[in-house]
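Peer 1:
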Amino acid sequence: MRLRDFQSMIERLAAEIPPRFFDGIAGVEVSPKTIPHPVRAGVYTLGECIPIDTGTDEVASRVVLYHGSFLELAGERSDFDWREEAWETLLHELRHHLEWRAASQKLEDYDWAAEQNFARAEGGGFDPLFYRSGERVERGIYRVEDDIFIERVVGRLPATTDVAWHGRRYRVSVPYALLPLYLALDGLSHPPSGDVFLVFRRRPRLWDLLRPAARATGQRAKVESLE
5 MRLRDFQSMI
15 ERLAAEIPPR
25 FFDGIAGVEV
35 SPKTIPHPVR
45 AGVYTLGECI
55 PIDTGTDEVA
65 SRVVLYHGSF
75 LELAGERSDF
85 DWREEAWETL
95 LHELRHHLEW
105 RAASQKLEDY
115 DWAAEQNFAR
125 AEGGGFDPLF
135 YRSGERVERG
145 IYRVEDDIFI
155 ERVVGRLPAT
165 TDVAWHGRRY
175 RVSVPYALLP
185 LYLALDGLSH
195 PPSGDVFLVF
205 RRRPRLWDLL
215 RPAARATGQR
225 AKVESLE
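One gets the numbering used here by counting positions in the sequence shown from 1 and adding 4 to each.
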């Protein structure tokens with residue numbers, strides 16, 4: 005299904021839902037992006053409920069459906085039903101919004117993580133553990149907006165390390181750096197719209213409470229496929 009046709013279908017589906025369920029929803033959008041699952045091959049994020057910072061106590065968000073992800077699944081499954089999958093995804097994301105309205109602290113945490121991620125991307129100072137306030141995808145794997153953070157707790161940096169991404173395994177050489185290290189990975193198959201980071205950090209120690217948080221370093225490295 006073409007992007008334009010998909011957008012029209014989403015508009016028709018949204019019109020079938022009673023308006024009261026859209027309280028606090030700034031809009032239902034369609035994005036051309038493809039959002040692969042960080043670990044599981046053949047799994048994609050079809051939609052997302054994204055919080056919006058309104059500067060008030062009001063809980064607001066926008067719902068985004070990813071046309072690229074729908075295209076990938078449609079290419080892999082002969083029985084793929086575009087309308088049914090879109091309908092289920094739309095209701096699922098609206099349910100997320102209702103849950104967030106009932107637990108606004110989670111929204112505040114995500115907003116803060118998004119602000120910290122922006123500061124990181126701009127080269128400013130940021131809390132090195134900010135990603136833990138984002139969306140938990142799997143154990144030790146977090147998502148903040150378009151970026152994925154894969155956490156590694158180490159005593160010191162290894163020379164190389166292996167990482168799984170979307171059903172495949174890779175090896176990467178780890179450059180020398182001070183901890184914590186944000187290592188952006190290049191060369192992954194089915195990359196996300198943003199970056200994938202290996203985040204190397206030390207296990208917290210009691211005396212860390214008496215010290216300011218260490219400033220994180222950032223580097224990039226190209227992965228090598230092991231398959």
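From the three backbone atoms N, C-alpha and C, an ideal C-beta is built for every residue, glycine too.
#1: Taking the CB atoms as reference points, tell me whether Ala-18 and Ile-56 lie closer together than 8 Å.
#2: Once you ignore the five residues that flank His-71 on each side, which residues in its own chain have a CB closer than 6 Å to its CB?
#3: State the start and end residues of the unbroken alpha helix (DSSP H) segment that holds Glu-15.
#4: Would DSSP call Thr-58 helix, strand or coil?
#5: Pro-132 and Arg-87 look like a contact to me (Cβ under 8 Å); what is the Cβ gap, rounded to whole Å?
#6: Output the residue ranges of the beta strand (DSSP E) runs that lie fully inside the region 156-187 and measure 3 residues or longer, sorted by chain position.
#7: In the DSSP assignment, what are the bridge partners of Gln-120?
#8: Evaluate Asp-27 with the Cβ neighbour count: other Cβ atoms within 10 Å of its Cβ, from every protein chain shown; 16 or more gives buried, anything less gives exposed.
#9: For Leu-189, name the three-state secondary structure that DSSP assigns.
#10: What's the gap between the Cα of Asn-121 and the Cα of Leu-230?
#11: Check each candidate in Glu-92, Glu-119, Tyr-135 and name the one with the smallest Cα separation from Gly-128.
#12: When the Cα atoms are used, what is the spatial distance from Thr-58 to Ala-64?
#13: Thr-93 by DSSP, collapsed to three states: which one?
#14: Beta-carbon within less than 8 Å of Thr-38's beta-carbon, same chain only, minus the 5 sequence neighbours each way: which residues are those?
Peer 2: So, from the data block:
#1: No, Cβ-Cβ distance for Ala-18 and Ile-56 is not below 8 Å.
#2: The answer, listed in chain order, is Leu-7, Phe-10, Val-34, Pro-36.
#3: For Glu-15, the enclosing alpha helix (DSSP H) starts and ends at 7-19.
#4: Here Thr-58 sits in coil by DSSP.
#5: Contact flag wrong, Cβ pair sits at about 44 Å.
#6: If we require 3 residues or more, the beta strand (DSSP E) runs fully inside the region 156-187 come out as 164-169, 172-177.
#7: Paired residues: none, contrary to the question.
#8: Around the beta carbon of Asp-27, fewer than 16 other beta carbons sit within 10 angstroms, so the residue counts as exposed.
#9: DSSP places Leu-189 in strand when its eight states are reduced to three.
#10: Distance between the alpha carbons of Asn-121 and Leu-230 is about 30 Å.
#11: Closest by alpha carbon: Glu-119.
#12: Distance between the alpha carbons of Thr-58 and Ala-64: 7 Å.
#13: Helix at Thr-93.
#14: Tyr-48, Tyr-70, Gly-72, Ser-73, Leu-75, Glu-76, His-194, Ser-197.
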